[in-house]
Every structure is written in C-alpha cells, then in structure tokens.
Amino acid sequence: MSAEPILSVNDLRVGFATEGGLLQAVDGVSFELQSGEVLAIVGESGSGKSVTAQTIMGLTRSKNSRIEGSVTLEGEELVEASDATLRRLRGDRIAMVFQDPMTSFNPVYRIGRQIAEAMRAHRGDVSKQAGRARAIELFEAVGIPEAERRIDDYPHEFSGGMRQRAMIAMALALEPEVLIADEPTTALDVTIQAQILRLLGNLNRERGLATILITHDLGVVAEVADRVLVMYAGKVVEEGTLDELFYDPQHPYTWGLMGSLTRLDRPRPKRLPQISGAPPSLLDLPQGCSFRPRCPHEFAECSRVPGLEARQDEAPGHRDRCWLSAEQKRAKREVEGRIGLEAPAP
Amino acid sequence: MSEPLLEVTDLVKHFPVKRGILIDREVDQVRAVDGIGFTIARGETLGLVGESGSGKSTACRAVLQLTKPTSGSVRFEGREIAGLSRRGMRPLRREMQMIFQDPYASLNPRKRIGQIVGDPLKRQGVASGSKLRKRVHELLERVGLASEHYNRFPHEFSGGQRQRIGIARALALNPKLVIADEPVSALDVSIQAQIVNLLDDLQDELGLTYLFVAHDIGVVRHISDRIAVMNKGKIVEEGSADQVCEHPRDEYTKKLLAAVPIPDPREARERAGG
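Heads up: the protein sequence lines correspond to chains E and V, in order.
Position 219 of the first sequence, counting from 1, maps to 202 under this note's numbering, and the rest follow consecutively.
Position 92 of the second sequence, counting from 1, maps to 102 under this note's numbering, and the rest follow consecutively.
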C-alpha cells in the first residue's frame, strides 16, 4: 500500500510476569492501519487480540508487564511515550470502545456530563454549554432518540444498545483518527448488534475513521471489515483482505473457525465440523507451530515455527503461518468440504 | 402419536413490581412469561430462541419448578408438576436436569470434579462408595474428560472442559429431559462446535430429550428438530427448525433472522446493497 499508514504496529511483544513464569500474551504482531480502513482482529480468548488493542492504548503498562516493539501514530512513537503524552493522545486522536458499556461509565454521573468532561479534559476552553451542545450533537450522530433529554440520564437508565451508542458517542467526542472497538457488540442482542455495526460502518465511511475491530465473530467481520488478522496464541497466523480470507483461507486454524460456524444460509450439516482440543496455555506452548497439536494436517516441518509469509505470487498481502504450500492447502481444504466457503455444488 | 414427555400449557410467570416503604403495594407486574405452551416428544429437541428479556430463561425455571409459575400447567410424562412442593419435586429431579450458561459460576470452586459429578448420585441415594466412583469415572469418560481429572478442582479447567463437567453432572442420574440454558454462548467459537456435537451424540446414545434455549438462532437451528421463537413473554412462532429459519411467518422472527450476520462477505454486501 502506498499511502502513509495512520497507525503502524511493528513487532509488538507484550509479556506479563506471572507466578508460572513469563506469559507472552502478544508475540511479535505487526500491522498497518490506513485512514478510512476497518481492520478486524479475530481470535479466541487468549489469542492476544485484546492485549494488542490495550497495548496500543497504553493500557497494559504496569510493573509486571514487558512491552517491546513499536506502535506509531502518524510517526509518533507510543510504546516509549510518557504517560502524559499518552493521556494527551488517548481520547483525542485514538479512542477505544469496550465490550461492556455498563462498566465503562461512572454510574453516579449523568452521561452527558461524562462526555462533556472528556472534552474539557483535553480542550480546556470548552464551556459547559458548548460541551452539552456537543454531547447532544454526538448523541444524534450515533442515533440516540430524544438526545436532548437523554443526555441528562444516568448510565443505568440506558439499555445495553443505547449505552453502547453513548460510549461510541463519547469516543467520537474529540474526533479521533483511530477508533479501537473491542468486541463492541458481543454483549448485545443480534438486532441491536446489526444497528451498532451499521453505525460503525457509517462513521468509517463518512468520517474516514480508521477502525480496529476486535472480535471472535466471523459474521461480524464479514459485515464490516476491509482487512483481517487472525490471531492464535499471541501470534498472527493469517492476514489478508476480507475476500482473500473468506474465499481463499490459508491457515488450517482459519479453516477450522470457518467450518465450525452454524450458517443460516446453508443447509445444516449432520455434524458440525469441529476443531479438536483447546487453545494451548501461553505458559506452556507447544514447540514449533502453536496450532500443531490441534491441526489435522500436521507434518514433520511443523516442529519449527513457520514465518508469516505470502505464499502466493498473485496475493502478496495475503500472508500466513503454515508450512503447507498453497497447492497442498488447496487440496486439503477441498477434503474438508465446507471449508473455504466455495459455493456448494448444485 | 405417543404421549409427549413434556407438555406445557398456558404457562404464566408474572413478577410483582412493588413500591412503598412500610407497606408494599403491588403497583405493576412484569409479565416475564405470559401464557406459553409447547410439547416435546421423547427423544426430540425443542429449541427456544429469543433475545435477552424475552422470558426464555424464566420459562425454563418455571418448567423445572425452580420458580413457582403464576398459573398454567406443566405435565411431565402425563403428570401435573406445576405447583408441586420441593419435596414433591424431589423424586422428579432425577428425570429432569439442567445445564447452565456460565461454566465458571455453576461449579463449586472448592469441590473436586469427582465430588461435583457424584453429588447428585449421593443426594438421591442412587450410589455410594466404589459404585459411585465407578459411575463418575464412566460419566467423565462419556463427556470426553479423562479419569485423572477426578481429583482436580474447577479452576484447573478451561471453559469448554467445565461445560463438559456440567454436562456430566446433569447426566449422572440418567435424566429423561435435559434443559440447556445457553450452554455454549460463553464458550469460544472453536469449542462451541465440540459441545454442540457432544450434546448431539449423547442424545443419540442415551435417547435424551432436550429443551435447548439460546439466543443464537444458528446454533439452535443446528441442534433442534423444532424451534419456538419467544418475544416479550410469548411464543410468536413455532415450527420445524428448517421451516422457521427458511420460511419465517412472524414479523419478529423475520427481523431476528435478518439481523444475524452472514459470514460471507459477498452475501453481506448484497444484503447491505439490496
């Protein structure tokens, strides 16, 4: 890609000292985010997707964490930035929306006041009236009905979906360039989820907001993402454009994820294809490829850690960590039938 | 057709809304379950699907008499159980068991797995001593756990394994009916399929009857023979799983189905454009 990325993450490594030893939650993650792009990071619990997001925001800094590598926001280094610098950037240029909007607001203050306060913390000259007016404007932008009345409500007076909208409104208050949304719809009902996803899509298109969407749900990914990273045990195991990933998935873990989906648009299979076993403990990773113990296609090469490489000339941006060649993958994927999402034979 | 295993008619559960400091006045009612009815035949799976607040969990609890229904009838093997006392329900508890959503909260953290799974057997006086141990080992193996897990504590297990423990406990007394309330929604995607397949296998082998409750209509459709859709305390549509998902008749069901994201970018684009 030619354009200068707005955010670039380079060989990010995040470890936590635990009683059981050093837990490497994020192990060499690199990616670039262009302005106006939606990048989805997909993975299960323990894959490192949330820790990656939190580290970009500077939220994993602590005595027992070790953060290496680099995160730059338009050239400005964040990993080594002072806490004061991070405080200045957070909210202002890069904002985050969390899974649980109930715990992200202070329950004893009115929502509108909390949004105005966030603005005043960064732009001291915002008057009370101006802050309130802006909060109303934001509520309208994210589709909260009766905005003028509702900004004087307390968080508990909002439903889950409305609370998530309010949190997005707060994140947008200072017009950040980058929005990180960590499972923003996981706690919501599907009908509400669809509305929130539409909202995120509109914000991205209309304001050119660069978005990192952290999720475990490939359906959500298909609806909004431009590019996708699949993470497993702290590493990126596959990355590509939305279509590359869905129509030509390269990593057996990605095949497994896609295969095990229950799909309403397909006849139901007798049995759900499943990935056997469970994700490994980060304190006791298998030697070589981390997915190896669960992979039905394991062979001798897998005892060495595969690099994240493009393996097809025609798709240089589509990279994966699997030793199988592209031809071998194609053959093996066919055997697994449902995987790869090719249209079923008539 | 033979007699259904479970027959629920006009089941109602209202919760009073009370106001007042010294004297509680009932000012309103929450109609959590507002007159629902369904039957489940032996060996069949009925999926109960709905969004949060639709009343599906309250319906389960009212069926099992874990909460006293306001009115209505619940017949198990032809016998009325609505309104039975705890003591009256006791022998029936062997026949109907429940699997819960949160595998982290539904296991006592201070008990070993062997105790947790064996507890129903002991309480109901079914087995003790070496017979009990043998049965627990059998159950652990049946749900895909190893014998060496017998002496471990819940915190040593992953979410998927804990759900297996919950299933083993539910199966300990050879129940006829198993009510599963969101059994996979707290699990990782790659583990969900394992648990769904396990429930499928157990049904085939043991002839179980399931009431499978979930908000994820994709999972419900996969496992169920028939689906009932709940909204605001009422069942708005019921039919065979494929019929409900492919040719929904009710407006709410249509809305629910249309909101489920399709994991296929081309179709998603088409849907967004059209």
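Backbone N, C-alpha and C define an ideal beta-carbon position, used for all residues, glycine too.
*asked:* Ignoring anything shorter than 4 residues, give me the alpha helix (DSSP H) runs that lie fully in the segment 115 to 180 of chain V, in order along the chain.
replied: 123 to 133 and 139 to 152
*Specify whether the segment 299 to 318 of chain E and the segment 240 to 259 of chain E touch according to this definition: at least 3 beta carbon pairs, one from each stretch, less than 8 Å apart.*
no
*Going straight from the alpha carbon of residue 313 (chain E) to that of residue 120 (chain E), what length do you get?*
Locating residue 313 (chain E) in the first sequence gives position 330, counting from the first residue. Locating residue 120 (chain E) in the first sequence gives position 137, counting from the first residue. Approximately 51 Å between the Cα atoms of the pair.
_Contact list for the segment 234 to 248 of chain E against chain V, Cβ threshold 9 Å_ = 236, 239, 240, 241, 242, 243, 244, 245, 246, 247 and 248
_Length at least 4, wholly inside the segment 213 to 291 of chain E: the alpha helix (DSSP H) runs in chain order_ = 225 to 230 and 235 to 242
*Secondary structure of residue 14 (chain E), DSSP reduced to three states*: Residue mapping note: residue 14 (chain E) aligns to position 31 of the first sequence, counting from 1. Three-state result, residue 14 (chain E): strand.
*Say whether the segment 91 to 108 of chain V touches the segment 271 to 279 of chain V, bearing in mind that this needs 3 or more beta-carbon pairs closer than 8 Å, one atom from each stretch.*
no
_Residues of chain E with CB closer than 8 Å to the CB of residue 286 (chain V), please, in chain order._
With chain V covering only 11 through 284, there is no way to say anything about residue 286 (chain V).
_Beta-bridge pairing of residue 2 (chain V) - partner residues as DSSP gives them_ = Outside the displayed range of chain V (11 to 284) lies residue 2 (chain V), so it cannot be described from this structure.
*Using the Cα positions of residue 80 (chain E) and residue 165 (chain E), report the straight-line distance between them to the nearest angstrom.*
Along the first sequence, one-based indexing puts residue 80 (chain E) at 97. Along the first sequence, one-based indexing puts residue 165 (chain E) at 182. Approximately 6 Å between the Cα atoms of the pair.
*When you compare only the Cα positions, how much space is there between residue 220 (chain V) and residue 60 (chain V)?*
Stepping through the second sequence from its first residue, residue 220 (chain V) is reached at position 210. Stepping through the second sequence from its first residue, residue 60 (chain V) is reached at position 50. Distance between the alpha carbons of residue 220 (chain V) and residue 60 (chain V): 17 Å.
*Cα-Cα, which of E:173, E:196 and E:87 is closest to residue 184 (chain E)?*
Translated into positions along the first sequence, residue 184 (chain E) becomes position 201. Closest option to residue 184 (chain E), Cα to Cα, is E:196.
*Out of curiosity, what's the CA-to-CA distance linking residue 260 (chain V) and residue 62 (chain V)?*
Along the second sequence, one-based indexing puts residue 260 (chain V) at 250. Along the second sequence, one-based indexing puts residue 62 (chain V) at 52. Roughly 18 Å between the two C-alpha positions.
_Let me check understanding here. Comparing Cα to Cα, which of V:196, V:115 and V:76 lies closest to residue 97 (chain V)?_
Within the second sequence, residue 97 (chain V) is the residue found at index 87, counting from 1. The residue with the shortest Cα to Cα distance from residue 97 (chain V) is V:76.
_Best match in E:205, E:33, E:83 and E:220 for proximity to residue 230 (chain E) [C-alpha to C-alpha]_ = Position 247 of the first sequence, counted from the first residue, corresponds to residue 230 (chain E). Taking only the C-alpha atoms, the option nearest residue 230 (chain E) is E:205.
_List, in chain order, every chain V residue whose beta-carbon is nearer than 8 Å to that of residue 256 (chain E)._
Here residue 256 (chain E) refers to the residue found at position 273 when the first sequence is read from its first residue. Those within 8 Å of residue 256 (chain E) in chain V are 203.
*From the DSSP output, in three-state form, read off residue 71 (chain V) for me.*
As a working note, residue 71 (chain V) is residue 61 in the second sequence. Residue 71 (chain V): helix per DSSP, three-state reduction.
*Tell me the DSSP bridge mates of residue 23 (chain V)?*
Here residue 23 (chain V) refers to the residue found at position 13 when the second sequence is read from its first residue. Paired residues: V:43.
*In chain V, which residues lie less than 7 Å from residue 251 (chain E) when you measure between Cβ atoms?*
Within the first sequence, numbered from 1, the residue matching residue 251 (chain E) stands at position 268. Ordered by position in chain V, the residues that pass the 7 Å Cβ test against residue 251 (chain E) are 231 and 232.
_Beta carbon proximity, residue 303 (chain E) to chain V, threshold 8 Å_ = Taking the first residue of the first sequence as position 1, residue 303 (chain E) is located at position 320. Not closer than 8 Å to any Cβ of chain V, the Cβ of residue 303 (chain E) fails to qualify, so no.
*Could you list which residues in chain V have their beta carbon closer than 9 Å to that of residue 202 (chain E), in chain order?*
Here residue 202 (chain E) refers to the residue found at position 219 when the first sequence is read from its first residue. The answer, in chain order, is 228, 270, 271, 272, 273, 274 and 278.
*asked:* Would you say residue 198 (chain V) lies against chain E (beta-carbon separation less than 8 Å)?
replied: As a first step, residue 198 (chain V) must be located in the second sequence, where it is residue number 188. Residue 198 (chain V) counts as touching chain E.
_Closest to residue 262 (chain E) by C-alpha separation, out of E:65, E:217, E:228 and E:289, would be which residue?_
For the purposes of this step, residue 262 (chain E) is identified with residue 279 of the first sequence, where counting begins at 1. Closest by alpha carbon: E:217.
*Might you give, ordered along the chain, the residues of its own chain that have their beta carbon closer than 7 Å to the beta carbon of residue 20 (chain E), omitting 5 neighbours on each side?*
One-based indexing of the first sequence puts residue 20 (chain E) at position 37. Cβ neighbours of residue 20 (chain E) beyond the five flanking positions: 193, 209 and 210.
*Taking residue 251 (chain V) and residue 236 (chain V) to be in contact with their CB atoms under 8 Å, please state how far apart those CB atoms are, rounded to whole angstroms.*
For the purposes of this step, residue 251 (chain V) is taken as residue 241 along the second sequence, with counting starting at 1. For the purposes of this step, residue 236 (chain V) is taken as residue 226 along the second sequence, with counting starting at 1. Right, their Cβ atoms sit about 6 Å apart.
*Three-state secondary structure (DSSP) at residue 89 (chain E)?*
As a first step, residue 89 (chain E) must be located in the first sequence, where it is residue number 106. Looking at residue 89 (chain E) - three-state DSSP - the assignment turns out to be coil, as it is neither helix nor strand.
_Contact check, residue 98 (chain E) vs residue 118 (chain E), beta carbons under 8 Å_ = Your numbering for residue 98 (chain E) matches position 115 in the first sequence. Your numbering for residue 118 (chain E) matches position 135 in the first sequence. In contact: residue 98 (chain E) and residue 118 (chain E) (Cβ atoms closer than 8 Å).
*Closer than 8 Å, CB to CB, is residue 330 (chain E) near chain V or not?*
Here chain E covers residues -16 to 329 and nothing more, so residue 330 (chain E) does not appear.
*6 Å Cβ shell around residue 235 (chain E) - same chain, five flanking residues per side excluded*: Locating residue 235 (chain E) in the first sequence gives position 252, where the first residue counts as 1. Result list for residue 235 (chain E): 278 and 280, in chain order.
*How many whole angstroms separate the CB atoms of residue 62 (chain E) and residue 198 (chain E), which I take to be in contact at a CB cut-off of 8 Å?*
Taking the first sequence and counting its residues from 1, one reaches residue 62 (chain E) at position 79. Taking the first sequence and counting its residues from 1, one reaches residue 198 (chain E) at position 215. Rounded, the Cβ-Cβ distance is 24 Å, inconsistent with contact.
*Just grab the DSSP bridge partners of residue -3 (chain E) for me.*
Translated into the one-based positions of the first sequence, residue -3 (chain E) becomes position 14. Paired residues: E:9 and E:50.
*How about the segment 138 to 146 of chain V and the segment 207 to 220 of chain V: do they share at least three Cβ pairs that are nearer than 8 Å?*
no
_Check this for me: beta carbons of residue 126 (chain V) and residue 174 (chain V), under 8 Å apart or not?_
Working through the second sequence from its first residue, we reach residue 126 (chain V) at position 116. Working through the second sequence from its first residue, we reach residue 174 (chain V) at position 164. No.
_Buried/exposed call for residue 168 (chain E), threshold 16 Cβ in 10 Å_ = As a first step, residue 168 (chain E) must be located in the first sequence, where it is residue number 185. Classification of residue 168 (chain E): buried, given that the 10 Å Cβ count is 16 or more.
*Looking only at C-alpha atoms, which of E:39, E:269, E:252 and E:78 sits nearest to residue 285 (chain E)?*
As a first step, residue 285 (chain E) must be located in the first sequence, where it is residue number 302. Measuring from the Cα of residue 285 (chain E), the nearest candidate turns out to be E:269.
*If you draw a straight line from the alpha carbon of residue 109 (chain E) to that of residue 100 (chain E), how long is it in whole angstroms?*
To locate residue 109 (chain E), count along the first sequence from 1; it is residue 126. To locate residue 100 (chain E), count along the first sequence from 1; it is residue 117. Roughly 9 Å separates the two Cα atoms.
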